[in-house]
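Below is one structure, written out as structure tokens, with a few remarks after it.
Protein chains: 2
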Amino acid sequence: MTVPTTPRAVTRADVARYAGVSTSVVSYVVHDGPRPVAAETAARVREAIRVLGYRPNASAQALRTGSSKMLGLIVPELDNPFWAELAVEVTHVAAARGYDVLLANSDGDNGQERERLRTLSARQVDGIIVTSIQTHPDLSTVTDPGIPMVLLNTFFEVPHYVSIGVDAFRGAHEGTRHLVEHGYDSIGLVMGHAGAMELREQGWMRALRDAGRTDGPIVRCDFTRQGGHEAGLRMFGAGSGPRAVFVSSDMQAVGVMRALYELGLRVPEDVAIVSFDGAAEADYTNPQLTTVRQPIEAMARAAVERVLGTDDTDGGHGGLMPPELVLGASCGCSVRR
Amino acid sequence: MTVPTTPRAVTRADVARYAGVSTSVVSYVVHDGPRPVAAETAARVREAIRVLGYRPNASAQALRTGSSKMLGLIVPELDNPFWAELAVEVTHVAAARGYDVLLANSDGDNGQERERLRTLSARQVDGIIVTSIQTHPDLSTVTDPGIPMVLLNTFFEVPHYVSIGVDAFRGAHEGTRHLVEHGYDSIGLVMGHAGAMELREQGWMRALRDAGRTDGPIVRCDFTRQGGHEAGLRMFGAGSGPRAVFVSSDMQAVGVMRALYELGLRVPEDVAIVSFDGAAEADYTNPQLTTVRQPIEAMARAAVERVLGTDDTDGGHGGLMPPELVLGASCGCSVRR
Numbered sequence: 000m001t002v003p004t005t006p007r008a009v010t011r012a013d014v015a016r017y018a019g020v021s022t023s024v025v026s027y028v029v030h031d032g033p034r035p036v037a038a039e040t041a042a043r044v045r046e047a048i049r050v051l052g053y054r055p056n057a058s059a060q061a062l063r064t065g066s067s068k069m070l071g072l073i074v075p076e077l078d079n080p081f082w083a084e085l086a087v088e089v090t091h092v093a094a095a096r097g098y099d100v101l102l103a104n105s106d107g108d109n110g111q112e113r114e115r116l117r118t119l120s121a122r123q124v125d126g127i128i129v130t131s132i133q134t135h136p137d138l139s140t141v142t143d144p145g146i147p148m149v150l151l152n153t154f155f156e157v158p159h160y161v162s163i164g165v166d167a168f169r170g171a172h173e174g175t176r177h178l179v180e181h182g183y184d185s186i187g188l189v190m191g192h193a194g195a196m197e198l199r200e201q202g203w204m205r206a207l208r209d210a211g212r213t214d215g216p217i218v219r220c221d222f223t224r225q226g227g228h229e230a231g232l233r234m235f236g237a238g239s240g241p242r243a244v245f246v247s248s249d250m251q252a253v254g255v256m257r258a259l260y261e262l263g264l265r266v267p268e269d270v271a272i273v274s275f276d277g278a279a280e281a282d283y284t285n286p287q288l289t290t291v292r293q294p295i296e297a298m299a300r301a302a303v304e305r306v307l308g309t310d311d312t313d314g315g316h317g318g319l320m321p322p323e324l325v326l327g328a329s330c331g332c333s334v335r336r
Numbered sequence: 000m001t002v003p004t005t006p007r008a009v010t011r012a013d014v015a016r017y018a019g020v021s022t023s024v025v026s027y028v029v030h031d032g033p034r035p036v037a038a039e040t041a042a043r044v045r046e047a048i049r050v051l052g053y054r055p056n057a058s059a060q061a062l063r064t065g066s067s068k069m070l071g072l073i074v075p076e077l078d079n080p081f082w083a084e085l086a087v088e089v090t091h092v093a094a095a096r097g098y099d100v101l102l103a104n105s106d107g108d109n110g111q112e113r114e115r116l117r118t119l120s121a122r123q124v125d126g127i128i129v130t131s132i133q134t135h136p137d138l139s140t141v142t143d144p145g146i147p148m149v150l151l152n153t154f155f156e157v158p159h160y161v162s163i164g165v166d167a168f169r170g171a172h173e174g175t176r177h178l179v180e181h182g183y184d185s186i187g188l189v190m191g192h193a194g195a196m197e198l199r200e201q202g203w204m205r206a207l208r209d210a211g212r213t214d215g216p217i218v219r220c221d222f223t224r225q226g227g228h229e230a231g232l233r234m235f236g237a238g239s240g241p242r243a244v245f246v247s248s249d250m251q252a253v254g255v256m257r258a259l260y261e262l263g264l265r266v267p268e269d270v271a272i273v274s275f276d277g278a279a280e281a282d283y284t285n286p287q288l289t290t291v292r293q294p295i296e297a298m299a300r301a302a303v304e305r306v307l308g309t310d311d312t313d314g315g316h317g318g319l320m321p322p323e324l325v326l327g328a329s330c331g332c333s334v335r336r
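Chains E and Z are the protein sequences, given in the same order. The first sequence: position 184 = 183 (numbering that gives the first Met the number 0), numbered continuously. The second sequence: position 11 = 10 (numbering that gives the first Met the number 0), numbered continuously.
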């Protein structure tokens with residue numbers, strides 16, 4: 000009986016021998032530097048790589064250079080368009096700097112998030128960007144305390160961590176104030192389950208009080224289309240809902256609009272809506288949502304630059320970026336982009 | 000002048016020494032096997048890992064075992080909800096088998112797709128799943144011809160590759176036949192730019208001819224919400240559009256519905272719609288889209304199992320799975336889920 004043997008992997012030395020060059024030249028061709036190689040020689044090396052089936056070894060390279068040229072990114076729900084758009088922006092910014100992104104999905108679950116943090120840090124990524132739905136993410140499973148880490152999409156600064164996000168209080172305040180300025184007599188809130196008195200809720204409430212209004216009704220639900228649908232039925236089903244509503248995410252607003260459609264209520268004629276996030280889906284609801292847009296590109300860029308240490312800040316703890324109120328037609332403005 | 004030194008990395012041997020165990024025991028704790036470790040000993044090892052800041056080295060492990068426990072996944076547009084849902088399913092199935100997914104975005108660009116294939120294969124992933132918008136993806140940049148590769152979301156079998164996808168001809172045929180059965184006199188097609196006479200177009204045309212109908216109008220556009228919006232304005236703007244339309248993707252159908260909304264045309268009273276893909280966004284249009292749903296979970300599972308070689312098929316070249324017509328209200332059926 001013969002014992003099957005694993006075929007030996009093709010090495011850089013094999014390629015060098017086949018092409019009649021030094022192993023350094025093979026390396027220069029594979030990594031496009033650091034020294035130039037004559038076009039004809041490079042072609043011979045590439046032919047050798049092809050013929051022998053040589054695979055340059057990123058794992059070995061990571062061991063040698065200490066850099067995997069890879070960033071880890073944890074997102075809670077990739078099938079939420081807002082997170083998907085943020086993840087795409089992170090991959091774009093990282094690719095422009097020569098980095099691949101190892102993307103992990105935590106399913107919005109605390110245990111999954113800890114587990115993904117553990118496996119990403121074991122892969123010697125050059126840094127980890129964590130977008131969490133937890134108010135205080137548990138980072139204790141990171142096996143290497145020295146690995147650069149950035150918290151993305153936080154609404155406030157987390158002690159000891161670089162945290163980048165949007166000024167949610169200000170966004171909710173501006174969105175609600177816009178509804179106040181339309182003159183609606185009662186303005187409700189559809190709010191995702193979050194920590195006690197979350198910043199969007201505070202912004203909504205402050206805008207009402209600044210205008211001398213009483214608080215409108217609040218319905219709490221999941222941060223999903225389905226959650227918004229259920230909240231919409233609860234808030235408007237009995238025929239006594241408010242004239243306008245601020246909704247804590249686009250996804251929920253899409254669900255609220257489904258509920259209003261089922262109830263035969265028109266947007267904005269019967270109920271005006273302003274939502275929060277500014278994902279592309281919000282541009283294509285009928286009518287188009289007026290929404291508080293998070294600066295997705297700027298947040299992604301800041302996160303990648305901070306985790307790679309290529310930004311020119313003074314090494315502070317990140318910061319909150321201003322949101323932008325994007326006018327659609329759901330608030331009652333006739334503007335359509 | 001002193002030369003700064005790079006701090007030496009903490010090794011498994013350091014951990015073993017600190018915890019008073021063998022390096023094998025450290026390995027068993029880190030990798031949760033293959034041998035059991037007494038709870039008290041394991042706690043001591045974990046404490047040593049924490050105190051010393053030891054980071055188990057996946058790169059070194061990949062070199063030793065030949066497996067990185069990592070799959071590569073290339074998607075064209077992560078911010079298209081259909082691709083995002085497919086990517087999430089792949090990460091779920093892979094995670095259940097102990098694999099992380101290195102996700103790369105090709106931006107629907109041929110050159111980007113080739114470049115991502117090159118970098119993924121250089122990372123010694125255990126396999127690559129390619130979802131391409133190209134009819135015939137260019138796989139020549141894969142540096143290792145031996146790396147397992149699966150084409151996902153193809154509409155036909157690609158020679159020499161395992162290709163998994165949906166039977167698009169059948170789906171388009173069923174979707175269009177459903178509109179025929181509603182009795183609409185003319186049924187148009189909004190079709191994404193694709194290869195000559197793509198299978199969805201063939202299915203639409205065959206269903207019309209099977210029913211003895213003449214072909215309705217065709218408008219071609221990008222596979223985006225914006226493309227669908229422009230196509231809808233072109234098809235219905237002059238007031239002479241067809242009574243019903245089959246649309247080649249949910250994203251485009253969302254754009255068509257925006258155009259109809261702007262034109263003051265009602266769905267389904269003025270124009271009936273059936274679309275293709277079955278992403279979650281299609282469930283929340285008003286009215287809900289009737290759509291030909293691709294079997295996202297089954298496709299993701301088949302792709303992961305084939306690329307890991309853990310399926311129980313005979314090693315054939317994949318296959319086309321049946322789609323499912325999901326009835327909403329946009330076709331004229333009163334059904335609402």
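We put the CB at the ideal spot given by N, CA and C, even for glycine.
| query | result |
| --- | --- |
| Between which two residues does the alpha helix (DSSP H) holding residue 256/Z run? | 249–262 |
| Compute the Euclidean distance between the alpha carbons of residue 260/Z and residue 285/E, then round it to the nearest angstrom. | 7 Å |
| If you follow the alpha helix (DSSP H) that residue 199/Z is part of, which residue opens it and which one closes it? | 198–209 |
| Ends of the beta strand (DSSP E) at residue 99/Z? | 99–104 |
| Within 10 angstroms of the Cβ of residue 39/E, are there 16 or more other Cβ atoms? Answer buried if so, exposed if not. | exposed |
| What number of angstroms, rounded off, separates the C-alpha of residue 29/Z from the C-alpha of residue 218/E? | 45 Å |
| Roughly how many angstroms lie between the CA atoms of residue 344/E and residue 149/E, to the nearest whole one? | For chain E, the structure presents residues 0 to 336; residue 344/E sits outside this window and is missing. |
| Pull out every residue of the region 158–170 of chain Z whose Cβ sits closer than 8 Å to any Cβ of chain E, in chain order. | none |
| Please confirm whether residue 210/E and residue 275/E have their CB atoms less than 8 Å apart. | no |
| Quick check: residue 104/Z and residue 74/Z, are their CB atoms within less than 8 Å of each other? | yes |
| Which residues of the region 256–268 of chain E have a Cβ closer than 7 Å to any Cβ of chain Z? Give them in chain order. | 256, 257 and 260 |
| Between the region 81–94 of chain Z and chain E, which residues of the former have CB atoms less than 7 Å from a CB of the latter, in chain order? | 83, 84, 86, 87 and 90 |
| So that I know if they touch, is there some Cβ in chain Z lying closer than 8 Å to that of residue 118/E? | yes |
| Only counting the same chain, and skipping five residues up and downstream in sequence, which positions put a Cβ closer than 7 Å to that of residue 83/Z? | 77 |
| Give a yes or no on whether the C-beta atoms belonging to residue 331/E and residue 271/E are separated by under 8 Å. | yes |
| Name the DSSP bridge partner or partners of residue 129/Z? | 73/Z and 150/Z |
| Give the DSSP-derived three-state secondary structure of residue 213/Z in the structure shown. | coil |
| Hey, residue 231/E and residue 288/E are a contact pair by Cβ (cut 8 Å); roughly how many whole angstroms apart? | At roughly 14 Å, the Cβ-Cβ gap does not stay under 8 Å, so residue 231/E and residue 288/E are not in contact. |
| State whether the region 91–104 of chain E contacts the region 168–183 of chain E, with contact taken as three or more CB pairs (one from each stretch) at a distance under 8 Å. | no |
| For residue 285/E, would you say it is in contact with chain Z, using Cβ-to-Cβ distances shorter than 8 Å as the test? | yes |
| Would residue 280/E count as contacting chain Z if we go by Cβ distances under 8 Å? | yes |
| Can you check which of these residues, 165/Z, 136/Z and 141/Z, is closest to residue 157/Z by C-alpha distance? | 136/Z |
| Measure the beta-carbon distance from residue 191/Z to residue 221/Z and round it to whole angstroms, keeping in mind my assumption that it falls under 8 Å. | 7 Å |
| For the alpha helix (DSSP H) containing residue 10/E, name the first residue and the last one. | From DSSP, residue 10/E is part of no alpha helix (DSSP H); its letter is neither H nor E. |
| What does DSSP give as the partner residues of residue 245/Z in its beta bridges? | 188/Z and 273/Z |
| Please report the distance separating the alpha-carbon of residue 229/E from that of residue 296/Z. | 26 Å |
| Go ahead and label residue 306/Z buried or exposed: buried means 16 or more other beta carbons lie within 10 angstroms of its beta carbon, across all protein chains shown. | buried |
| Of all Cβ atoms in chain Z, is any one closer than 8 Å to the Cβ of residue 233/E? | no |
| Grouping DSSP H, G and I as helix and E and B as strand, with all else coil, what is residue 288/Z? | coil |
| Counting C-beta neighbours from all protein chains within 10 Å, is the total for residue 329/Z 16 or more, i.e. buried, or is it exposed? | buried |
| Can you check whether the CB of residue 165/E is closer than 8 Å to the CB of residue 251/E? | no |
| Kindly indicate the opening and closing residues of the beta strand (DSSP E) around residue 36/E. | Where residue 36/E is concerned, there is no enclosing beta strand (DSSP E), given that its DSSP letter is neither H nor E. |
| Counting only beta-carbon separations shorter than 8 Å, does residue 277/Z have a partner in chain E? | no |
| So with Cβ pairs under 8 Å, would you call residue 150/E a contact of chain Z? | no |
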